[in-house]
Amino acid sequence: MRPFIDLKAQYVNIKEEILKCINEILESSHYILGENVKRFEEEVKTYLGVKEAVGVASGTDALHLALRSLNIGKGDEVITTPFTFFATIEAIVYVGAKPVFVDIEEETYNIDPHKIEEKITPNTKAIIAVHIFGCPANMEKINEIAKKYGLKVIEDAAQAFGAKIKDRKIGSLADIGCFSFYPSKNLGCFGDGGIIVTNSIDLAEKIRILRNHGSPGRYIHDTIGLNSRLDEIQAGILRVKMKYIEQYNELRRKKAAIYTKFLSDVVITPKEPLNAYHVYHLYSIRSKERDIIKEMLDNYGFPSVVYYPIPMHLQGALKFLGYKEGDFPIAEAVSKEILSLPLYPELPEEEVFQISQIILRCLQKNS
Ligand SMILES: *Cc1c(COP(=O)(O)O)cnc(C)c1O
């Protein structure tokens, strides 16, 4: 079986630069909150067009600290999508707030802004918009609703580094943007890492203190924080990879376009919303024959993965929220029919052709 994402293929192309950078950091023996984190934060600010960026230990911590910095906690409700990775929801529960789900759009698999208003109560404090699979959520509409009701908006941009709406980068379109640098993300390090971006100098200052044990200065602690720092080696690796992110995303888009060309008549292929630049963290097709396609690809040695088989409102850990099957019909149907095909910048085009042909033949035989 081939790998679903070949991280080695990326590494070998930039190996010299990476080893040089790691070696310099080891020689400097400055491992926490040094020059590389500072410079990486600057580079991310420039790239995304935001005023502030704070490196943290993971995407999950980014979401957690974002909610903390907005003083969201017990008694508060946070509206989000049931079709996401579990960390989005964990962060809400960590701060003691209650996740409130809203069903997704058929076209993008992102939260459906038209269904948000009916879920707003006097306790609603924020909306977390997730750009699932790298596809920009409808930020214009979400921000409009937030403004009308005085809510904060957080972008979970873990899957969408480099995505855009018009010429504005995802992550820069709300009060706070959260990114993950988990190795398989579009911009990934060689371990865990994350960053929080915002245009608010006050929020950034709060987050800087929270990520470092609630400490504004040596051995002074004004609040209970976390140990959640992006480390120097990961920041150094990310600075190398940042130089290639546009190229990586373009390569993803190119391969996605080939899949779509072959498959759009036989399965539901991903849609790119008007004015959006989708970065295809995952290339996910939707089909009633999902399980048969998956098995056929397996037989030919091509892996495919179901992201995500169980929507959040039906997860065991979240039973206490009281949701039941049938509450979010679109998210539930998508979970039963979605399948992500191999897609990474270095994926040989020949394999994109082969995978497409296997799916076409499989569906012919089945019809
Ligand atoms: C990966 C991911 C996260 C969590 O990021 P980590 O760095 O793994 O903690 C959060 N939300 C979404 C949508 C993700 O894909």
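The sequence shown maps to residues 115 to 481 in the working numbering. Cβ atoms here follow ideal geometry from the backbone N, Cα and C, with glycine treated the same way.
Report the residue from the options whose alpha carbon sits nearest the alpha carbon of residue i.
i: LYS233; options: VAL207, THR222, LEU265; result: LEU265
i: ILE338; options: ILE351, GLU141, ILE323, ASP217; result: ILE323
i: GLU131; options: MET356, ASP379, SER449; result: MET356
i: VAL168; options: VAL419, GLY210, SER342, SER470; result: SER342
i: PHE118; options: LYS278, PRO459, SER142, GLN478; result: PRO459
i: ILE469; options: ARG400, LEU162, LYS408; result: LYS408
i: GLU403; options: ARG325, ILE334, CYS476; result: CYS476
i: ALA240; options: ILE256, THR312, LEU435; result: ILE256
i: GLU463; options: LYS438, TYR333, VAL126, ALA371; result: ALA371
i: GLU258; options: ALA288, ILE284, ASN237; result: ALA288
i: SER378; options: ARG400, GLN361, ILE359; result: ARG400
i: SER183; options: VAL267, LEU352, TYR296, LEU453; result: VAL267
i: LYS188; options: GLU204, ALA211, ILE203; result: ALA211
i: VAL419; options: LYS433, VAL448, GLY436, SER454; result: SER454
i: GLN361; options: LEU435, ALA390, TYR263, PHE275; result: PHE275
i: ILE406; options: ILE452, ILE136, GLU166, TYR391; result: ILE452
i: LYS300; options: MET253, ALA277, VAL311; result: Residue identity check: residue 300 is Asn in the sequence provided, not Lys. Looking at the Cα atoms, ALA277 is the closest of the given residues.
i: GLU231; options: ILE203, SER142, THR194; result: THR194
i: ASP252; options: ASN363, ILE203, ALA271, CYS135; result: In the sequence as displayed, the identity of residue 252 is Asn instead of Asp. Ranking the options by Cα distance to ASN252, first place goes to ALA271.
i: PRO417; options: ALA431, LEU461, ILE424; result: LEU461
i: GLY350; options: ILE136, ILE321, THR238; result: ILE136
i: GLU204; options: LEU432, LYS438, GLN471, GLY436; result: LEU432
i: GLN478; options: GLU138, GLY436, MET410; result: MET410
Taking all protein chains shown into account, decide if residue i is buried (16 or more other Cβ within 10 angstroms of its Cβ) or exposed.
i: MET115; result: exposed
i: VAL381; result: buried
i: THR160; result: exposed
i: PHE154; result: buried
i: GLN273; result: buried
i: SER298; result: exposed
i: ASP500; result: As displayed, the chain neither begins before 115 nor continues past 481, which places residue 500 out of reach and without an answer.
i: ILE315; result: exposed
i: GLN124; result: buried
i: GLY302; result: buried
i: LEU140; result: exposed
i: LEU121; result: exposed
i: PHE215; result: buried
i: GLY163; result: exposed
i: THR133; result: Reading off the sequence shown, one finds Leu at residue 133, where the question assumed Thr. Per the 10 Å Cβ criterion, exposed.
i: SER449; result: buried
i: TYR422; result: buried
i: TYR333; result: exposed
i: ASN237; result: exposed
Per DSSP, residue i is paired with what?
i: THR383; result: Bridge partners of THR383: none, in fact.
i: PHE293; result: ILE309
i: LEU453; result: ILE399
i: ILE146; result: ASP345
i: GLU166; result: THR312
i: TYR391; result: LYS278
i: ALA240; result: VAL192, LYS266
i: ILE225; result: ILE218
i: ASN326; result: ASN341
i: GLY331; result: ILE334
i: VAL419; result: SER454
i: LYS212; result: GLU191
Alpha carbon to alpha carbon, what distance is there between residue j and residue i?
i: GLU319; j: LEU340; result: 14 Å
i: GLN429; j: PRO456; result: 26 Å
i: GLY305; j: LYS375; result: 35 Å
i: GLY308; j: GLY328; result: 18 Å
i: HIS144; j: TYR373; result: 45 Å
i: LYS261; j: PRO213; result: 20 Å
i: PHE200; j: MET426; result: 7 Å
i: ILE473; j: ASN480; result: 11 Å
i: ALA493; j: ILE146; result: Because the chain spans 115 through 481 in this model, residue 493 falls outside it and cannot be assessed.
i: GLY415; j: GLU465; result: 11 Å
i: ILE279; j: LYS152; result: 27 Å
i: THR235; j: LYS229; result: 13 Å
i: VAL209; j: PHE434; result: 16 Å
i: GLY440; j: THR198; result: 17 Å
i: ILE347; j: ILE310; result: 18 Å
i: ILE128; j: ILE359; result: 12 Å
i: SER286; j: PRO227; result: 19 Å
i: ARG325; j: GLU157; result: 20 Å
i: LYS283; j: HIS335; result: 35 Å
i: TYR296; j: LEU344; result: 12 Å
i: ILE186; j: LYS165; result: 22 Å
Could you confirm whether any beta carbon from chain D is found closer than 9 Å to the beta carbon of residue i?
i: GLY415; result: This model lacks chain D altogether, as it is built from one protein chain only.
Original post:
Do the segment 231–248 and the segment 382–398 meet, that is, are 3 or more Cβ pairs less than 8 Å apart?
Top reply: yes
**OP:** Flag this pair as touching only if the segment 169–176 and the segment 279–297 have three or more C-beta atom pairs under 8 Å; answer yes or no.
**Re:** yes
**OP:** Taking 8 Å as the threshold, find out whether the segment 356–369 comes into contact with the segment 437–444 through three or more Cβ pairs.
**Re:** no
Original post:
Pairing CB atoms from the segment 382–391 with CB atoms from the segment 220–234, are three or more of them under 8 Å?
Top reply: yes
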